[in-house]
Amino acid sequence: MWKSVRRGIKYMKVWPNHAVVGNMTEAKVIPATRLGARVLPIAAVANFFVQFQYLGMDYLPQIIGASLFILLLPLQGYYWLGQRAYRELPPPLKHWYFELKQKLNDSGEDIRLPSHRPGPCYIDLARVLRTALTVLPPEER
């Protein structure tokens, strides 16, 4: 599980934030995960103190459980991203990956698929997209 969470954090850093990929699922999950990682720890602490103030010591296990649930919500996003990062691309995205890879290789970049994988994964697409957005002109993306 922790390996997948680390992969998700890495994938989140590699994924480009651009209108070209705006309708993909990552464009919604990554900002939500970032927001959750920034805001939910504060919400968990506030939740703990407010519930403890109103419910008291009798409900301490439930208060801790609810606060831990809120605190650990961003881990679900990291885990999902880590699982998605190394999933093989569907045929339309695979075609787009190879098209971008060919354009980048023609422009002088050295883009290769890792030899230990049979086909491109989402993290490979993210790397190619990030490179294409910096190297290729807008009409060739």
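Residue numbers (our numbering): 386 to 526. For each residue, glycine too, the CB sits at the ideal point set by N, CA and C. Please read all numbers here as calculations on a predicted model, not as lab measurements.
Beta-bridge partners of residue 494, as assigned by DSSP: Beta-bridge pairing links residue 494 to no other residue.
Could you work out which residue in 468, 469, 443 and 428 is closest to residue 453 when comparing CA atoms only? Per the Cα distances, 428.
Beta carbon of residue 520 nearer than 8 Å to that of residue 485: Their beta carbons are not under 8 Å apart, which means residue 520 does not touch residue 485 by this criterion.
Determine contact between the segment 504-518 and the segment 472-482, defined as no fewer than three beta-carbon pairs at a distance below 8 Å. The segment 504-518 vs the segment 472-482: in contact.
By Cβ distance below 6 Å, which residues in the same chain neighbour residue 411 in space, the five residues on each side in sequence not counted? Closer than 6 Å at Cβ, skipping near neighbours: 400.
Residue(s) in a DSSP beta bridge with residue 473: Bridge partners of residue 473: 506.
Which of the three DSSP states, helix, strand or coil, is assigned to residue 453? Note: residue 453 maps to helix in three-state DSSP.
Determine whether the beta carbon atoms of residue 425 and residue 455 lie at a separation below 8 Å. Note that the C-beta distance between residue 425 and residue 455 is below 8 Å.
Can you tell me whether DSSP reads residue 409 as helix, strand or coil? Three-state result, residue 409: coil.
Using three-state DSSP, classify residue 521 as helix, strand or coil. Coil.
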